[in-house]
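Down below is the structure, laid out as structure tokens.
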Amino acid sequence: MVTTESEQMAYIAAQAADARVNVEVETDEGMTLNLGPQHPATHGTLRIVAKLDGEKVVAAEPIMGYMHRGYEKLTEVRTYPQVTTLVNRIDWLGSFANEVPFILAAEQLMEVEAPPRAQWIRTVLFELSRIANISLFLGDMAVQVGATTPVFYAFRDREFVLNQIERVTGGRFHPNFDRIGGLKDDLPKGWIEETGTVIGKMRDFCDEMEELVLGNEIFQARTRGIGVIPPEVALSYGLSGANLRGSGVDWDIRRDANVGLVYDEVDWKVWTHPDGDSFSRFWVRLQETREACNIIEQLLGGIPAGPIMAKVPRIIKVPAGEAYVATENPLGEMGFYVVSQGDLTPFRVKIRSASFSNMSITPWLLKGVFVPDIISILASLYFILGDIDR
Amino acid sequence: MAEIPEHLLKRAQAAREKAAAQKKTEGEDSAQSEKAEPAEEPEVEVVLTDENAEAALAILETALQGKILDSHIAPGRGLWIRVAIEDWRSAAKAAKESLDCKFFDWLSAIDWMPSPYGREHETEQDKITAEPEEHDEKEMEWGYTGGETRFQLICRVYSISRKIGVMIKADLPDSDPRALSLIPIYAGANWHEREAREMFGLTFDEHPDLRNIYLPGDFEGHPLRKDYPLLSRRMKPWPGIVDVELLPGDDE
Amino acid sequence: MGLVESGKIPKPLTKLLNMSRRYSMWVYQWGLACCAIEMGAAFASPRYDVMRLGVIPLPASPRQADFLVVSGTVTDKMAPAVRRLWEQMPDPKYVISMGSCANCGGPYWDSYSVTKGVDQIIPVDVYVPGCPPRPEALLEGIVLLQERIMNEDMAERWKGDPIVVE
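Listed in order, the protein sequences are those of chains B, H and X. All the letters of the first sequence, read from the start, carry residue numbers 30 to 419 under my numbering. All the letters of the second sequence, read from the start, carry residue numbers 27 to 278 under my numbering. All the letters of the third sequence, read from the start, carry residue numbers 4 to 169 under my numbering.
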């Protein structure tokens with residue numbers, strides 16, 4: 030706290046210097062609107078500086094790094110089992126899904142494969158974290174366009190899924206449950222039946238959201254035809270996940286480039302929407318949540334018996350080599366490029382996180398839209414700050 | 027609980043039988059040797075993707091006309107090529123045009139210099155007195171497709187129609203690490219190049235604005251360079267590796 | 004009132020004032036990372052329902068808030084903004100630091116870009132440990148803060164110098 034005048038002057042000067050560093054968008058004409066770094070619509074600490082001409086956005090520039098924690102450097106000084114603790118926290122809504130690609134990459138390098146039971150349980154938990162993640166999006170998107178109720182429903186029903194994840198892994202958020210070569214523990218007794226009940230509840234939740242949000246006239250007016258991304262542009266910016274499928278590109282890593290998970294064993298469908306607008310991205314995510322329920326229900330009926338852990342040495346040294354494994358995370362493609370030099374720690378880990386690429390389209394996409402559309406477009410792109418900044 | 031439909035139960039039964047059969051074959055295999063672990067099915071897959079990668083490599087070779095310095099195919103895991111830094115942009119262009127790699131996955135760099143601080147694992151290394159020269163100098167070792175210099179650019183593009191991802195690598199000169207920007211070919215390269223510049227101190231020519239993307243403007247150094255020390259590790263004692271967790275089924 | 008400034012508040016009046024402050028607190032939520040979701044679950048979900056403790060979430064601005072919950076990783080880039088918003092809050096103000104990252108840096112203790120604890124920039128009243136803490140843990144932190152407010156001597160608080168953090 031400042032007390033004297035000179036201290037106050039020094040403080041103001043420091044703050045001004047700070048602001049100069051951060052705002053590099055010129056303000057010669059028109060008005061500059063600053064959203065964030067702490068703004069309800071930015072899901073955390075994203076900051077958007079938009080240059081306006083009346084209500085119209087002339088240029089918009091996201092300023093990131095408020096959540097940059099330096100994962101890629103930290104992985105170089107952590108052992109392989111320690112890395113999963115860190116990478117849990119990248120996309121904090123679907124934590125389990127973050128561990129899987131890293132573990133799979135390490136397993137590829139070590140040439141071990143998890144036993145079938147572990148693969149099935151991994152897939153079930155992967156899809157559960159997808160539901161935990163996207164269900165919050167379904168509520169949150171509605172909040173961003175002006176309806177408050179759906180987010181309460183989302184928080185209420187999401188708890189059931191988190192409970193199931195907690196019962197297996199011991200953590201509501203950051204399970205750290207995956208091990209190189211398998212899983213930490215087996216499923217608890219009675220879990221499969223209870224998860225079946227929860228899946229029923231999540232189905233009802235999807236129906237409820239569809240009735241409550243999708244058909245709503247205001248919702249449609251604020252999302253239809255807003256923020257249209259053509260498929261070519263989406264590909265060249267590296268958009269993935271529902272954002273890409275919302276632009277009509279029929280591509281899903283789970284189906285097309287599946288590694289280590291058992292999606293081939295179940296009947297399911299990849300949903301696409303040809304429009305490419307905010308509405309279609311919401312619609313695709315809604316359908317994907319339903320599809321995740323289908324996948325889990327089918328998997329639950331057939332989890333094979335057997336061990337959950339392959340034989341791996343107690344102290345893990347990964348042989349030299351390079352591997353890239355990507356999985357279809359709730360937010361899109363998340364991949365780990367692991368370079369090993371036969372040591373206890375990775376030599377270099379490049380984390381390809383979905384939101385970083387998904388957000389890189391915003392300067393292009395926000396050009397020429399109106400101010401309220403910024404919010405609905407950002408909400409429909411659906412990013413998580415940890416996933417952007419890493 | 028919801029009723030499980032008949033066909034699902036059947037499929038579950040089939041899966042269980044399959045798993046049991048696989049377990050059986052695995053047991054027999056391990057009796058013979060450890061190497062022959064993969065069962066028959068994955069082997070077939072490996073051969074298939076191998077062909078896919080080889081075909082993709084052949085296409086790239088004709089498109090780039092001898093500019094590929096080295097290549098590597100990890101069966102079922104992908105295709106790596108290395109080009110000279112002058113051909114960086116033309117290699118990406120060839121991948122996009124001849125191989126239909128429209129999807130820009132990511133771009134980054136690797137610093138191949140061994141860390142002068144060791145692995146920063148041992149407790150004694152975290153003492154403030156520990157000086158870098160105490161560790162024996164290690165030679166640089168490059169990964170797949172080799173390398174010549176300290177910094178290597180790496181970029182992954184993916185072809186949705188062919189279902190193949192290509193890693194393109196290029197060595198950066200030690201004295202002045204700079205490359206041509208890929209933005210004219212892949213618009214998404216913009217942020218990735220900003221990140222690579224900030225983390226490794228590289229320069230990308232023809233990039234419209236190479237500002238810091240993550241760190242505050244007055245941050246000094248390039249964190250992902252191997253000679254960038256994590257100072258907090260030197261100030262606080264690190265207990266070392268104390269916790270080795272018991273694996274399930276691994277009795278004392 | 005004049006009584007507060009003069010430093011002579013009768014005990015019953017102190018108790019009354021403290022009790023009314025304790026059960027009508029606007030919380031300014033500073034959601035930064037994973038903990039923000041658990042804080043959201045505590046504040047916005049019907050299961051945990053923070054309002055039964057007399058805490059009202061989502062004020063319009065920090066100038067209306069009574070206490071601040073810093074939940075999540077504070078990075079060096081974010082730290083000036085945290086400080087600036089805390090300065091805008093009217094006195095008496097309190098801070099709850101939620102989660103390991105805000106307490107001490109947490110899993111990023113050796114990172115080059117993370118502030119090792121929000122208490123380096125603003126004074127913290129209650130630390131809630133966990134990574135992330137469960138919503139119940141945050142609720143307990145709020146209860147502890149309320150107890151602290153209840154036992155506070157308002158005159159003491161006003162008479163003294165403002166809290167300075169180096």
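Heads up, the beta-carbon is just placed ideally off N, CA and C, and yes, glycines get one too.
Nearest to D79 (chain X) by C-alpha distance, out of B:A271, B:Q137, B:M96, B:V288, is B:M96. Residues of the stretch 204-217 of chain H whose Cβ lies closer than 7 Å to any Cβ of chain B, in chain order: Y212, A213, G214, N216, W217.
With a cutoff of 9 Å on beta-carbon distance, I324 (chain B) and W280 (chain B) are scored as not near each other.
In the structure shown, the three-state DSSP call for Q149 (chain X) is helix.
Look at the beta carbons and you see the stretch 283-295 of chain B not touching the stretch 370-380 of chain B: under three pairs across the two are nearer than 8 Å.
Listed along chain H, the residues sitting closer than 7 Å to S389 (chain B) by beta-carbon distance are G214, N216, W217. Using a Cβ distance threshold of 9 Å, P110 (chain B) and M338 (chain B) do not count as a contacting pair.
The distance from the Cβ of A44 (chain X) to that of F131 (chain B) is about 27 Å, inconsistent with a contact at the 8 Å cut-off. Taking a C-beta cut-off of 8 Å against chain B, the contacting residues of the stretch 179-192 of chain H are I180, R182, I186, K189, G191, listed in chain order. Shown here, F181 (chain B) sits in a helix according to DSSP, grouped into three states. By the Cβ criterion, the stretch 235-251 of chain B is in contact with the stretch 152-172 of chain B, since at least three pairs of Cβ atoms, one from each stretch, lie closer than 8 Å.
Following the DSSP letters along the chain, one finds N358 (chain B) in no alpha helix (DSSP H) but inside the beta strand (DSSP E) bounded by residues 350-358.
The contact set of D113 (chain X) on chain B, defined by CB atoms closer than 8 Å, consists of L103, V106 in chain order. When rounded, the separation of the alpha-carbon atoms in M54 (chain X) and F46 (chain X) is 8 Å. Under the Cβ distance rule, G364 (chain B) counts among the residues neighbouring chain H, one pair being separated by less than 9 Å. For Y115 (chain X), there is no enclosing beta strand (DSSP E), as DSSP marks it with neither H nor E. Residues of chain X with a Cβ closer than 9 Å to the Cβ of G175 (chain B) do not exist; the shortest Cβ-Cβ separation is about 15 Å. Rounded to the nearest angstrom, the gap between the Cα atoms of W149 (chain B) and I209 (chain B) is 15 Å. Interface residue (Cβ-Cβ distance to chain H less than 9 Å): R319 (chain B) is not classified as such. Distances from the CA of G277 (chain B) to each of B:V141, B:I247, B:F308 were compared; the closest alpha carbon is that of B:F308. Short of 8 Å from the beta carbon of I186 (chain H), and not among the five residues preceding or following it, lie these beta carbons of its own chain, in chain order: D126, K128, F129. Nearest neighbour of V313 (chain B) by Cα position, chosen from B:G371, B:R151, B:E246, B:S269, turns out to be B:S269.
Within the same chain, G59, M60, T61, L62, V87, V400 come within 8 Å of L81 (chain B) by CB-CB distance, once the 5 residues on both sides are set aside. Taking C-beta atoms under 8 Å as the contact rule, L414 (chain B) and I406 (chain B) fail to qualify, at a distance of about 17 Å.
Counting every other CB atom within 10 Å of its CB across the protein chains shown gives M388 (chain B) a total of 16 or more, marking it as buried. Using beta-carbon distances, R259 (chain H) counts as an interface residue toward chain X, with a partner under 9 Å. A distance below 9 Å separates the beta carbons of D69 (chain X) and W29 (chain X). Between the beta-carbon of D131 (chain H) and that of R381 (chain B) there is about 6 Å, and that keeps the pair under the 8 Å contact cut.
DSSP, read as helix, strand or coil, puts K14 (chain X) in helix.
One finds I239, Y240 in chain H with Cβ atoms closer than 8 Å to the Cβ of M93 (chain B), taken in chain order. DSSP, reduced to helix, strand and coil, places R24 (chain X) within a helical segment of the structure shown. Following the DSSP letters along the chain, one finds K119 (chain H) inside the alpha helix (DSSP H) bounded by residues 114-124. With a 10 Å radius around the Cβ and a threshold of 16 neighbouring Cβ atoms, S409 (chain B) comes out buried.
For F125 (chain B), the three-state secondary structure derived from DSSP is helix.
Using beta-carbon distances, V368 (chain B) counts as an interface residue toward chain H, with a partner under 9 Å. A check of alpha carbon separations from F181 (chain B) across X:S27, X:I40, X:M22, X:P132 identifies X:I40 as the nearest.
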